[in-house]
Structures are given as C-alpha cells and as structure tokens.
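Enquirer: Just so we're aligned: 273 in numbering that gives the first Met the number 0 is position 274 of the sequence shown, and the numbers increase by one with no gaps anywhere.
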Amino acid sequence: MTNLNQGQRTLKLNRVTQIGFSAVLATMVGVGIISKLSMGSLVDALNWVSHTYEVEAELRALEKVLLDAETGERGFLFTNKEEFLEPYNSSIKELKAHFSKLEILIRDNPEQLKRLDRIEDLAQQKMDNLAQTIALKKAGKEQILRELVVSGTGKQIMDQIRVRLDEMIDVEDELLNKRKEDASRTEQLTTLVSLGGTALAILLGILCLLFIARKVIRPINQVANIIASSSSEIAAMTTQQESIAAQQASSVHQATATMDKLGASSKQSAEQAEVAATGARQVAELAETGTRAVEYTLEDMAILREKVLAIAEQILCLSEQTNQIRSISGLVSDLANQTNMLALNAAVEAVRAGEHGKGFAVVASEIRKLADQSKKSAGKINILVAEIQGAINSTMMVTNEGTKTVEQGVKTAEGTAETFMNVANAISSVVMSSQQISLTAKQQAIAVQQVVDAMNTLNQGATETACGISQTKTGTLKLNEAALNLQAVV
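(1) Ala-335 and Ala-370 - do their beta-carbons sit closer together than 8 Å?
(2) Per the contact definition of three or more C-beta pairs closer than 8 Å, is the segment 27-36 in contact with the segment 63-82?
(3) Considering only the beta carbon of each residue, do Val-192 and Ile-91 sit closer than 8 Å?
(4) Distance, Cα to Cα, Asp-172 vs Thr-197?
(5) Could you tell me the alpha carbon to alpha carbon distance between Asp-333 and Lys-306, rounded to whole angstroms?
(6) Going by DSSP, what residue range makes up the alpha helix (DSSP H) through Phe-98?
(7) Less than 8 Å separating the beta-carbons of Ile-492 and Leu-164?
(8) Kindly indicate which three-state DSSP category Lys-266 falls into: helix, strand or coil?
(9) Assign Asn-46 to one of two classes, buried (16 or more other C-beta atoms within 10 Å of its C-beta) or exposed (fewer than that).
(10) Going by DSSP in three states, Glu-166 sits in which element: helix, strand or coil?
(11) Skipping 5 residues on each side, what residues in its chain have a beta carbon closer than 6 Å to that of Thr-9?
(12) Which residue's Cα is closest to the Cα of Gln-374: Val-331, Glu-406 and Ala-342?
(13) If you count every other CB in all the chains shown that lies within 10 Å of the CB of Glu-72, and 16 or more means buried, which is it?
(14) If we count the other Cβ atoms within 10 Å of its Cβ and call it buried at 16 or more, is Asn-128 buried or exposed?
(15) Let's see if you can read the secondary structure: which residues bound the alpha helix (DSSP H) around Lys-113?
(16) Using the rule of at least 16 other Cβ atoms within 10 Å of the residue's Cβ for burial, across every protein chain shown, is Val-384 buried or exposed?
(17) Contact check, Ile-156 vs Lys-136 under 8 Å by CB: the rounded distance?
(18) Using the three-state DSSP reduction, which class does Asn-79 fall into: helix, strand or coil?
(19) For my contact list, Ile-314 and Met-395 are in at a C-beta cut-off of 8 Å; report their separation, rounded to the angstrom.
(20) Based on Cα-Cα distance, which residue from Gly-408, Lys-368 and Ser-183 lies nearest to Tyr-295?
(21) Which first and last residues belong to the alpha helix (DSSP H) in which Glu-354 is found?
(22) Assuming Ser-168 contacts Glu-55 (C-beta within less than 8 Å), just tell me the rounded distance between them.
(23) Do Ile-391 and Ser-318 count as a contact pair if the criterion is CB distance below 8 Å?
(24) For Ser-150, does the three-state DSSP call read helix, strand or coil?
(25) Determine the burial state of Gln-7: buried for a count of at least 16 other Cβ atoms within 10 Å of its Cβ, exposed for fewer.
(26) For Glu-93, which of Arg-59, Pro-109, Gln-111 and Glu-232 has the nearest alpha-carbon?
(27) Within 10 angstroms of the Cβ of Leu-174, are there 16 or more other Cβ atoms? Answer buried if so, exposed if not.
(28) Please tell me whether Thr-132 and Val-148 are closer than 8 Å, where the distance is taken between their beta carbons.
(29) Among the candidates Leu-202, Glu-287, Ala-363 and Glu-82, whose CA atom is the shortest distance from the CA of Gln-337?
(30) Is the beta carbon of Lys-100 sitting closer than 8 Å to the one on Glu-57?
(31) Identify which residue in Ala-130, Ile-143, Ala-122 and Val-48 has its Cα closest to the Cα of Leu-84.
(32) In or out: Thr-475 buried (at least 16 other Cβ within 10 Å) or exposed?
(33) Near Ile-310, what residues of its chain come up, given a Cβ to Cβ distance below 7 Å and the 5 sequence neighbours on each side ignored?
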C-alpha cells in the first residue's frame with residue numbers, strides 16, 4: 000500500500016512538474032513568439048519612420064543642390080570667374096544621384112513617384128536655365144543675359160520646384176506621423192505582451208510552486224524523514240554485520256593459516272614417509288646383498304675348510320717326509336763319521352807308506368774334509384729339520400685351530416644368514432608399511448590442500464562479503480546524507 004501511495008505521489012509529482020513547467024514554458028514561448036512578432040512589427044515601423052526621415056532628408060538635399068547650383072551660377076555671373084562654377088558643376092552629378100536614390104526610396108508610393116518625375120523635369124529646366132545664363136556670360140552677351148535674368152524664368156522654375164518639394168515633404172510628414180503612431184501602438188502592444196506574458200508566467204510559476212509545496216513537498220519531507228530514519232537503522236545494522244563479517248574473515252584467515260601449516264606438515268610427513276620408504280627399500284636391498292654375501296661367505300668357508308683339511312693332510316705328509324729327511328740326515332752323519340774314520344785311517348796308512356803314500360794322504364785329507372763338511376751339513380740339516388718339524392707342529396696346531404675357527408665361522412655365518420633373512424623379511428614389512436604411510440600421507444596432503452583451497456575460497460568470500468558490507472555501509476551513509484540534504488532543501 001505504501002509503495003502504491005509512493006508511486007501515486009511520484010506520478011503526481013511528475014504530472015504536476017510536467018504540467019506546471021509546461022504551462023510556464025508554453026507561456027514563455029508564447030510571450031517570446033508574440034514579443035518576437037511585435038518586435039518585428041516595431042522594427043518595421045521604426046524602419047519606415049527612418050525611411051520617411053531619409054526621404055525628407057533626400058528631398059531637402061535635392062533642394063540644397065539646386066540652390067548650390069544657382070549660387071555658383073550667380074557667383075560666376077557677378078565675377079566671371081570659373082572657380083565659382085564648382086558648386087554648379089558638382090550639382091550636376093549630385094542631382095542624378097539624389098534622384099536615383101529617391102526613386103529607390105519611394106518606389107512603393109506611385110503618387111510620390113509622379114511628383115518626383117515632375118520635380119525632375121523642373122530641375123532639368125532649372126539646370127538648362129542656369130546653363131543658358133552661364134553660356135551667355137561666357138559669350139559676353141550681357142544684354143541678352145540681363146533680359147533673361149530680369150524675365151524671372153529661373154525664379155519661377157525654382158518656385159515651382161519648392162512647391163513640389165513641399166508637397167512631397169508634406170506627404171512624407173503625413174506618412175511619418177502615421178508610421179510614428181503605428182510604431183507607438185506596436186511598442187505599447189509589445190510592452191503589454193511582454194509584461195503581461197511575464198506576469199502570467201510568474202503567476203503560473205507561483206501557483207505551481209504553491210501546489211507543489213502543499214501537495215508534493217510535504218509528502219517528500221515525510222518520505223525524507225522515513226529514509227533518514229531507515230538509513231540510520233540500516234547503517235547501524237550494516238556496522239554490526241561489518242563487524243561480524245570482519246570477525247568471520249579473521250577466523251577464516253586464522254583457520255586458513257592453520258590449515259596451511261597442517262598442509263605443510265602433511266606434505267613434509269609425506270616427503271619424510273617417502274624418504275623412509277626409499278631408505279627402507281635401500282636397507283632391504285642391502286640386507287638382500289648381505290644375505291647373498293653371507294651365502295657366498297658360507298660357500299667360501301666350506302671351500303676354506305676343505306683347503307685347510309687339505310693343508311693339514313699335506314702338513315702330515317710333510318711331517319712324515321721331514322722325518323724321512325731327518326733319518327737320511329742321520330745316515331749321512333753316520334756315513335760322514337765313518338768316512339772321517341776311514342780318512343783318518345788312510346792318513347795314518349799314508350804316513351806309514353812314506354813317499355808312496357803322500358798322494359793317498361792328500362786324498363784322505365780331502366775325503367776327511369768332505370766328511371767333515373758332510374757332517375756339518377747333516378748337522379745343519381738336522382737343525383733345519385728340527386725347525387721345520389717345530390714349524391710343522393705349530394702349523395698343525397694353527398691348522399687345527401683354523402679348522403675349528405672355520406667351523407665356528409660357518410656356524411656364525413649360517414646364523415648371520417638366518418638373521419639377514421629375518422632382517423630382510425622385517426625390512427620388507429617396513430617397506431610395505433612405509434609405502435602405505437607415504438600413500439596415506441599423500442592422500443592426507445591432497446585432502447588438506449583441498450581443505451586449504453576451500454578455506455581460501457571461503458576467506459575470499461568472507462573478504463568480499465566484508466567489502467560488500469563496507470560498500471553497503473558507505474552507500475547507506477550517502478543515502479542518509481542525501482536524505483538530510485533533501486530535508487534541508489525541502
């Protein structure tokens with residue numbers, strides 16, 4: 000209902016404004032048109048008045064030119080000097096110019112044209128009379144000249160010209176008076192129309208203002224009061240909503256920051272899980288490599304045990320051969336002792352033989368030396384064999400210990416292999432768990448990123464809402480200011 004009343008008021012305001020201003024405008028336009036027409040008529044009347052004054056001035060100028068010609072003619076007659084004919088000579092051209100202009104000025108008045116033609120004939124007669132007197136003066140015919148002047152022909156023509164000019168001037172005076180009266184009436188009408196139209200326009204404007212003040216301004220003032228009150232309430236509500244929107248935007252911003260941190264943590268966890276999975280895979284590969292290395296070690300240990308056993312057998316053989324060498328060395332030592340004894344006996348026998356036994360003595364001596372050397376060598380061999388036997392015994396002991404160590408190493412390697420197998424199985428489980436954790440962390444990171452995007456969108460929406468509310472507040476304040484200005488104006 001209120002909207003309908005406001006629509007009716009708005010419609011009434013539009014109609015009143017249109018009708019009022021249209022009436023005032025129409026009145027002013029009418030006044031302008033009438034004033035324009037009246038001013039045109041007044042200008043025409045004034046132009047006709049000026050035209051009449053111009054015709055009278057030309058008629059008087061025509062009379063003056065004839066008088067100047069007559070004056071020049073008289074001066075020449077009295078003085079017989081050519082310079083006195085200057086006014087006469089000038090008047091010939093001036094007469095033609097004045098008659099031509101008068102014909103143009105009075106071409107709308109046939110009666111005046113007839114009078115002007117008569118005056119033109121008389122003026123020609125006057126000029127002919129003046130030319131005749133001047134010619135007689137120049138010819139020296141003074142008697143004929145005196146008779147012509149005394150006859151009064153020139154004076155009679157001039158009197159007729161004056162009468163005709165006076166008639167034309169009287170007619171122009173009558174026209175002038177009539178045109179002055181027309182101009183005066185036109186001026187009065189123009190003044191009356193201008194003042195009356197202006198007064199009517201002012202009266203219509205005042206009536207429109209009074210009607211608008213009583214029927215329109217008062218409702219507008221009431222509406223302005225309602226707008227001011229409503230805009231104040233809207234401004235208060237907008238301020239409250241702006242505060243709430245700002246708080247929401249701040250909360251959303253904090254939540255967004257938290258989600259950003261959570262997203263970064265999730266991303267970091269995913270990266271760490273990926274690194275752990277990679278490390279676990281590397282450890283699994285290393286465990287598998289270790290298992291293979293232990294297997295290779297077991298194989299090498301088995302080969303080593305076989306070789307150690309072979310070495311032990313060779314050492315036993317070497318020990319037996321050393322014993323044989325020791326036996327042979329004993330035999331050689333015994334043989335050297337016996338040879339030494341035989342050489343000693345041979346030396347004794349050589350001494351007994353004298354000169355014949357010297358060669359045998361030398362041989363015996365050499366054999367004895369060889370026997371001593373063999374004995375010494377056998378002694379050294381025994382020492383070496385003893386040392387070799389000691390080394391063989393030590394080697395046997397070390398070989399036995401090595402065999403035991405190899406067997407213990409085999410057992411340890413087998414345990415290590417079993418441990419590596421267990422470690423490999425455990426690492427495989429760790430790898431699978433790490434991969435599952437990495438996948439879960441990636442999914443969590445994606446979910447957190449989606450939440451962050453949603454929070455950013457929500458934050459942007461909250462910011463835009465706050466901006467919109469701020470703009471609404473600004474618009475409401477401007478509306479309130481406009482309402483106050485409207486109240487002040489109304």
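Just so it is clear, CB atoms sit at the ideal spot from N, CA and C, and this is done for glycine as well. Model, not experiment: these values are computed from the prediction.
Expert: To lay it out plainly:
(1) Position 371 of the sequence shown, counted from the first residue, corresponds to residue 370. Position 336 of the sequence shown, counted from the first residue, corresponds to residue 335. Cβ distance < 8 Å, so Ala-370 and Ala-335 count as in contact.
(2) no
(3) Against the sequence shown, residue 192 aligns to sequence position 193. Against the sequence shown, residue 91 aligns to sequence position 92. Not closer than 8 Å, so no.
(4) The count along the sequence shown starts at 1 and reaches residue 172 at position 173. The count along the sequence shown starts at 1 and reaches residue 197 at position 198. C-alpha separation (whole angstroms): 36 Å.
(5) To locate residue 333, count along the sequence shown from 1; it is residue 334. To locate residue 306, count along the sequence shown from 1; it is residue 307. Roughly 39 Å separates the two Cα atoms.
(6) What you label residue 98 is simply residue 99 of the sequence shown in a count that begins at 1. Phe-98 -> alpha helix (DSSP H) spans 85-104.
(7) Nothing can be reported for residue 492: it is not among the residues displayed for the chain, which extend from 0 to 489.
(8) The residue given as residue 266 occupies position 267 in the sequence shown. Helix at Lys-266.
(9) As a first step, residue 46 must be located in the sequence shown, where it is residue number 47. Asn-46 comes out exposed.
(10) The residue you call residue 166 lines up with position 167 of the sequence shown. Of the three classes helix, strand and coil, the one that applies to Glu-166 here is helix, per DSSP.
(11) Your numbering for residue 9 matches position 10 in the sequence shown. Confidence in Thr-9 is poor, its pLDDT being 48 and thus under 50, which makes the residue's placement unreliable; the coordinate value appears in the next sentence. There are no such residues.
(12) By 1-based counting over the sequence shown, the position of residue 374 is 375. As written in the sequence, residue 374 is Lys, which differs from the Gln given in the question. Among Val-331, Glu-406 and Ala-342, the Cα nearest to that of Lys-374 belongs to Val-331.
(13) As a working mapping, residue 72 is identified with position 73 in the sequence shown. Counting Cβ neighbours within 10 Å, Glu-72 comes out buried, since at least 16 surround it.
(14) Counting from one through the sequence shown, the residue named residue 128 turns up at place 129. By the neighbour-count rule (16 or more Cβ atoms within 10 Å), Asn-128 is buried.
(15) Here residue 113 corresponds to residue number 114 of the sequence shown, with the count starting at 1. From DSSP, the alpha helix (DSSP H) with Lys-113 extends over 109-138.
(16) Position 385 of the sequence shown, counted from the start, is the residue given in the question as residue 384. Flag for Val-384 reads buried.
(17) The residue you call residue 156 lines up with position 157 of the sequence shown. The residue you call residue 136 lines up with position 137 of the sequence shown. With 8 Å as the limit, Ile-156 and Lys-136 do not qualify as a contact, their Cβ atoms being about 18 Å apart.
(18) Here residue 79 refers to the residue found at position 80 of the sequence shown. Residue state, collapsed to three classes: coil.
(19) On the sequence shown, position 315 is the one that residue 314 refers to. On the sequence shown, position 396 is the one that residue 395 refers to. At roughly 6 Å, the Cβ-Cβ gap stays under 8 Å, so Ile-314 and Met-395 are in contact.
(20) As a position in the sequence shown, residue 295 is number 296, starting the count at 1. The shortest C-alpha separation from Tyr-295 is found at Gly-408.
(21) Residue 354 sits at position 355 when you count from the first residue of the sequence shown. Per DSSP, Glu-354 belongs to no alpha helix (DSSP H) and is neither H nor E.
(22) The residue given as residue 168 occupies position 169 in the sequence shown. The residue given as residue 55 occupies position 56 in the sequence shown. A small fix is needed here, since residue 168 is Ile in this sequence, not Ser. Between Glu-55 and Ile-168 the Cβ distance is about 6 Å, and since that is below 8 Å, they are a contact.
(23) For this step, residue 318 is matched to residue 319 along the sequence shown. For this step, residue 391 is matched to residue 392 along the sequence shown. Yes, the pair counts as a contact, with Cβ atoms nearer than the cut-off.
(24) Position 151 of the sequence shown, counted from the start, is the residue given in the question as residue 150. Three-state result, Ser-150: coil.
(25) Taking the first residue of the sequence shown as position 1, residue 7 is located at position 8. Because Gln-7 sits at a pLDDT of 48, beneath the cut-off of 50, its placement in the model cannot be relied upon, and the following sentence gives the value as read from the coordinates. Exposed.
(26) For this step, residue 93 is matched to residue 94 along the sequence shown. Of the listed residues, the one whose Cα sits closest to Glu-93 is Arg-59.
(27) Here residue 174 refers to the residue found at position 175 of the sequence shown. By the 10 Å Cβ count, Leu-174 comes out buried.
(28) Position 133 of the sequence shown, counted from the first residue, corresponds to residue 132. Position 149 of the sequence shown, counted from the first residue, corresponds to residue 148. Cβ distance < 8 Å, so Thr-132 and Val-148 count as in contact.
(29) Reading the sequence shown from its first residue, position 338 is the one you call residue 337. When only C-alpha atoms are compared, the closest one is Ala-363.
(30) Indexing the sequence shown from 1 puts residue 100 at position 101. Indexing the sequence shown from 1 puts residue 57 at position 58. Contact: yes.
(31) Start at 1 with the first residue of the sequence shown, and residue 84 comes out as number 85. The option with the nearest alpha carbon to Leu-84 is Ala-130.
(32) Here residue 475 is taken as the residue at index 476 of the sequence shown, counted from 1. Answer is buried; the Cβ neighbour count reaches 16.
(33) Against the sequence shown, residue 310 aligns to sequence position 311. Thr-398.
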